[in-house]
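Notes to accompany the following structure.
In the numbering used here, the protein residues as written are 409 to 816.
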């Protein structure tokens, strides 16, 4: 596996124009790993002179034996165990982690922004009019725990602290865990909304709901993370999921490693990549509100929220006075009527930014905003990025998917 070019043993540094050999210890068995590889592929197509070494693997597979004594220049890895971390340290090469499962590895980390994912989930589930929430994730995995902590903090601020259940990854399919999950679901006040740390585990929860005769989403609204299209489509019912920007993680990790191998200093703090959007499918596609008047109000917002819709018109549609409607929104949804309208408008804008080439002024108008400046201000507050940055991120992801498809 040796290559030509200047190589300083143990440092990973090579001359600026020398070819580099990089190991990719990234699983192919999960969509997150495959998306990371797509992002690295986009970096490679830009012509940076890398030769990569990769083999199909599962997330929890041990480090490849060939890493011992391997004379490459850098590594991008999903560091899934302390044993793997030790093998990677012994290479004395630059290593970029793209998993974030372990704390304090001292490897620079590029990862999706878990806190931003949790906040997006809280906005989505909170917008369904639920008063009870839960989180189901993996115990001892840093990325899942960060999503848990941020989701709990966000929902506590809304006055609805979620109930938490966690499982060891290796035990997720055990009969004992199935019983724990069914009992936990039974004890959740209904209707309830559950954020699950990823789509794999969300499918386990949906199966448990079916076995327990719990209706989804009427009794339990379920939201996953990763937007694994295959898993979400075969789920019963189809799974709503947050599109995590794993392809951008791969690209940015490759960029970081390139700079490091050229003599740069790696960052001491994680590089967080903002998520995309919520892809709503059937598992959260019903306004699971016990109050039929609020159901009517929320349906009115869904159907007419991007037009000139006033609070008085919504109140009339719900058969309530304006003041009673406002009180019920605050008491049962934890938000104002205006905030619910604004959230619907921002979600509409997300779809237009991702799927059309409309100018910003037209996106603003089609989403119900009076002018582009106000639209930009509101969008940034809700999504934690500008509309232009969101569109660019969605375009990069779409290009990456198209190129990956053409390479197959």
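Here a beta-carbon is modelled for each residue, glycine too, at the ideal position from N, C-alpha and C. Bear in mind the structure is a predicted one, so any value in this text is a computation, not a measurement.
Drop a sphere of 10 angstroms on the beta-carbon of residue i, count the other beta-carbons inside from all chains shown, and report buried for 16 or more, exposed for fewer.
i	result
residue 799	buried
residue 739	exposed
residue 782	exposed
residue 757	buried
residue 778	exposed
residue 490	exposed
residue 785	exposed
residue 685	buried
residue 361	Residue 361 cannot be examined here, being either before or after the span of the chain that is shown, 409 to 816.
residue 677	exposed
residue 644	exposed
residue 720	exposed
residue 772	buried
residue 415	Residue placement at residue 415 cannot be trusted, given a pLDDT of 28 that sits under 50; what the coordinates show is reported in the next sentence. Buried, since its Cβ has 16 or more Cβ neighbours within 10 Å.
residue 552	buried
residue 638	exposed
residue 655	buried
residue 430	buried
residue 455	exposed
residue 803	exposed
For residue i and residue j, I'd like the C-alpha separation in whole angstroms.
i	j	result
residue 526	residue 691	17 Å
residue 660	residue 561	28 Å
residue 437	residue 580	17 Å
residue 609	residue 545	7 Å
residue 496	residue 748	48 Å
residue 513	residue 599	41 Å
residue 443	residue 724	47 Å
residue 493	residue 466	16 Å
residue 510	residue 670	27 Å
residue 528	residue 479	43 Å
residue 635	residue 762	15 Å
residue 565	residue 533	14 Å
residue 594	residue 622	9 Å
residue 631	residue 449	29 Å
residue 555	residue 708	32 Å
residue 618	residue 624	8 Å
residue 458	residue 470	24 Å
residue 505	residue 791	26 Å
residue 578	residue 607	16 Å
residue 755	residue 665	35 Å
residue 503	residue 797	28 Å
residue 616	residue 667	47 Å
residue 713	residue 575	40 Å
residue 629	residue 427	50 Å
residue 787	residue 734	23 Å
residue 834	residue 793	The displayed coordinates of the chain run from 409 to 816. Any statement about residue 834 would go beyond what the structure contains.
Specify, as a first and last residue, the run of the beta strand (DSSP E) that residue i falls within.
i	result
residue 499	From DSSP, residue 499 is part of no beta strand (DSSP E) but of the alpha helix (DSSP H) over 490 to 499.
residue 571	571 to 575
residue 437	It is not in any beta strand (DSSP E) - residue 437 carries neither H nor E in the DSSP assignment.
residue 519	518 to 520
residue 603	600 to 604
residue 393	Not covered by the structure: residue 393. The range shown for the chain is 409 to 816.
residue 458	458 to 461
residue 680	679 to 681
Could you round the C-beta distance between residue i and residue j to whole angstroms and report it? I think they count as a contact, below 8 Å.
i	j	result
residue 751	residue 548	Not a contact, Cβ separation roughly 34 Å.
residue 540	residue 597	4 Å
residue 439	residue 484	About 17 Å separates the two Cβ atoms, so there is no contact after all.
residue 760	residue 774	6 Å
residue 601	residue 571	Contact doesn't hold; Cβ gap of about 11 Å is too wide.
residue 658	residue 447	3 Å
residue 518	residue 650	Their Cβ separation, rounded to whole angstroms, is 18 Å, which puts residue 518 and residue 650 out of contact at 8 Å.
residue 683	residue 652	5 Å
residue 475	residue 499	6 Å
residue 462	residue 432	4 Å
residue 522	residue 488	Between residue 488 and residue 522 the Cβ distance is about 16 Å, and since that is not below 8 Å, they are no contact.
Return the first residue and the last residue of the alpha helix (DSSP H) that residue i is part of.
i	result
residue 551	550 to 565
residue 719	719 to 726
residue 756	745 to 763
residue 641	637 to 642
residue 658	654 to 669
residue 783	780 to 791
residue 768	768 to 774
residue 705	700 to 712
residue 825	A query on residue 825 cannot be resolved here, the shown segment of the chain reaching from 409 to 816 and no further.
residue 732	730 to 736
residue 468	No alpha helix (DSSP H) holds residue 468; DSSP gives it neither H nor E.
residue 618	607 to 619
Have a look at the DSSP bridge pairing and note the partners of residue i.
i	result
residue 505	485, 517
residue 629	601
residue 649	632, 687
residue 428	458
Residue i: beta carbon under 7 Å from a heavy atom of the ligand HEM?
i	result
residue 628	Absence of the ligand HEM from the depicted structure is noted, as is the absence of any ligand whatsoever, leaving it without description.
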